[in-house]
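Colleague: Chains as they are written, first to last, in the working numbering: chain A, 304 to 497; chain B, 304 to 497.
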DNA sequence: CGCGACGTTGATTTGCCTCAACGATTGTGG
DNA sequence: CCACAATCGTTGAGGCAAATCAACGTCGCG
């Protein structure tokens, strides 16, 4: 159950048996069906979510009522609304499973206590946030340089198997364009052999 | 010299005198003139930079050789290429002062030792990265929802004094459009009184 | 004073959106 | 297990926001 998470933590910091126990005692496991919503806009986010298996996404509704996906999280990534968590403010985002998923939750209610019990975890999460923030710095670069079409081709090349796992309309919105446009790009790419 | 930083840290975690001393001993202060480059693409980033006074920006050159600004950091913000720091990889970014600035540096060379001496700082940096990442999550939302013009107006309204401090071409590129377009937006806004 | 950096303005072009209508695929209840 | 609906993807015509290119003001600095 917890092996994926423990393995991931130990990739960054060593854990003794007592600490492992403390961790498994504080994290909760969720088995969720595809399309289950675990956070809704307007609520205050109550946990930090680790994807052991499957996929989560973060999204919101724009002023026209259209869903806009801003992030995905697959195996070994954490996801949450971190502003909502830190400031205990209501969120502007939704969180939802994209596939049937196994999620490990660190609930706000137990977070402080756990971090006091196992202070090493401060370092682990510091490294996680640093990694996530670093990734967002690179994403910003792609958004500045690449045309929408180039951005898609780049993403497609970088994560070919992930692209297969998710509906196209989510990918389109994540990359910042419309499903129709994505459809046209693909039509161009997969030219008939003439 | 260090008061801005110490005050900022103490806003998140309490420090005793010994810890304060340890911190001031490990951080370096830089007094830098406007337009000083402190990191160049191709180098490995060697420090984490806290702006005590002034302004830093992060940028890169696109395939046409045009500068693209991806981030600003003003007073009480940290900035660096965190992927380069974490993985000790060469950076794709430049860091430069926008104004005459006072910068406090945590150099990679002393970071590990300091964090061992003052483990509380793990928590401080965890919170800093969480805040920064949270901000990037919200930025992603604006980029998805707003037209370029609306994005400018929103930014202008949110940070009216900051907009005055920086050249327009940097702001334009940060918001993801051309200086010419920014110029046209402003011309529209400041209509003659007829 | 003169040069270079920065900002403005207008004409033209283009990447992508919008809207609409139509296939394909999935899933659900009878 | 099939029928039908809902969801998802495709295709085309037309339009618009913003880019590009070029030329010209203007300000600050060496």
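Using N, Cα and C, we set each Cβ at its ideal position, and we do this for glycine too. On a predicted model such as this, the values are computed, not experimentally measured, just so you know.
Could you confirm whether any beta carbon from chain A is found closer than 7 Å to the beta carbon of residue 471/B?
Modeller: On the second chain, residue 471/B is found 168 positions in, with the first residue counted as 1. No - not a single Cβ of chain A is within 7 Å of the one on residue 471/B.
Colleague: Which one of 386/B, 321/B, 397/B has the shortest CA to CA distance from residue 344/B?
Modeller: One-based indexing of the second chain puts residue 344/B at position 41. Out of 386/B, 321/B, 397/B, 397/B has the C-alpha closest to the C-alpha of residue 344/B.
Colleague: With a threshold of 16 other CB atoms inside 10 Å of the CB of residue 346/A, please say whether the residue is buried or exposed.
Modeller: Position 43 of the first chain holds residue 346/A. That one is exposed.
Colleague: How big is the Cα-Cα spacing for residue 495/B and residue 455/B?
Modeller: Your numbering for residue 495/B matches position 192 in the second chain. Your numbering for residue 455/B matches position 152 in the second chain. Caution applies to residue 495/B, whose pLDDT of 41 falls short of 50 and renders its modelled position unreliable; the model cannot decide the point.
Colleague: Within 7 Å of any Cβ in chain B, is that where the Cβ of residue 350/A sits?
Modeller: Numbered from its first residue, the first chain carries residue 350/A at position 47. Not closer than 7 Å to any Cβ of chain B, the Cβ of residue 350/A fails to qualify, so no.
Colleague: Looking at residue 371/B: is its Cβ nearer than 7 Å to the Cβ of residue 439/B?
Modeller: Working through the second chain from its first residue, we reach residue 371/B at position 68. Working through the second chain from its first residue, we reach residue 439/B at position 136. No, the Cβ-Cβ distance between residue 371/B and residue 439/B is not below 7 Å.
Colleague: What do you reckon, are the CB atoms on residue 402/B and residue 357/B nearer than 7 Å?
Modeller: Position 99 of the second chain, counted from the start, is the residue given in the question as residue 402/B. Position 54 of the second chain, counted from the start, is the residue given in the question as residue 357/B. Result yes, Cβ atoms of residue 402/B and residue 357/B sit closer than 7 Å.
Colleague: Against chain A, with Cβ distances strictly below 7 Å, would residue 386/B count as a contact?
Modeller: Residue numbering aside, residue 386/B sits at position 83 when the second chain is read from its first letter. Yes, contact with chain A.
Colleague: Kindly indicate if chain B contains any beta-carbon less than 7 Å away from that of residue 468/A.
Modeller: Residue numbering aside, residue 468/A sits at position 165 when the first chain is read from its first letter. Residue 468/A does not count as touching chain B.
Colleague: Are the CB atoms of residue 378/B and residue 413/B within a distance shorter than 7 Å?
Modeller: For the purposes of this step, residue 413/B is identified with residue 110 of the second chain, where counting begins at 1. For the purposes of this step, residue 378/B is identified with residue 75 of the second chain, where counting begins at 1. Not closer than 7 Å, so no.
Colleague: May I ask which residues mark the beginning and end of the beta strand (DSSP E) holding residue 371/B?
Modeller: Reading the second chain from its first residue, position 68 is the one you call residue 371/B. Taken as a continuous stretch (DSSP letters only), the beta strand (DSSP E) holding residue 371/B covers 370-376.
Colleague: Whose C-alpha, out of 348/A, 404/A, 381/A, is nearest the C-alpha of residue 336/A?
Modeller: Your numbering for residue 336/A matches position 33 in the first chain. Here the closest residue by C-alpha is 404/A.
Colleague: When the Cα atoms are used, what is the spatial distance from residue 424/A to residue 464/B?
Modeller: Numbered from 1 along the first chain, position 121 holds the residue referred to as residue 424/A. Numbered from 1 along the second chain, position 161 holds the residue referred to as residue 464/B. When rounded, the distance between both Cα atoms is 39 Å.
Colleague: At the level of alpha carbons, what is the spacing between residue 382/B and residue 458/B?
Modeller: Along the second chain, read from residue 1 onward, the residue named residue 382/B stands at position 79. Along the second chain, read from residue 1 onward, the residue named residue 458/B stands at position 155. Each residue's Cα considered, the two are about 20 Å apart.
Colleague: Using the beta-carbon of each residue, which ones in chain B are nearer than 9 Å to residue 454/A?
Modeller: Mapped onto the first chain, residue 454/A falls at position 151. The contacting residues do not exist; residue 454/A stays about 12 Å from chain B at best.
Colleague: With 16 as the cutoff for other CB atoms within 10 Å, does residue 368/A come out buried or exposed?
Modeller: Indexing the first chain from 1 puts residue 368/A at position 65. Residue 368/A is exposed by the Cβ-count criterion.
Colleague: List the residues of chain A that residue 395/B touches, going by C-beta distances under 7 Å, in chain order.
Modeller: On the second chain, position 92 is the one that residue 395/B refers to. Within chain A, the residues near residue 395/B are 444.
Colleague: Compute the beta-carbon to beta-carbon distance between residue 427/B and residue 352/B, rounded to the nearest angstrom, for a pair I have assumed lies under 8 Å.
Modeller: Here residue 427/B corresponds to residue number 124 of the second chain, with the count starting at 1. Here residue 352/B corresponds to residue number 49 of the second chain, with the count starting at 1. Not a contact, Cβ separation roughly 15 Å.
Colleague: Over what stretch of residues does the beta strand (DSSP E) that includes residue 400/B continue unbroken?
Modeller: As a first step, residue 400/B is located in the second chain; it is residue number 97 there, counting from the start. Residue 400/B -> beta strand (DSSP E) spans 397-400.
Colleague: The alpha helix (DSSP H) that contains residue 460/A, what's its start and end?
Modeller: Residue mapping note: residue 460/A aligns to position 157 of the first chain, counting from 1. Unbroken alpha helix (DSSP H) run through residue 460/A: 451-461.
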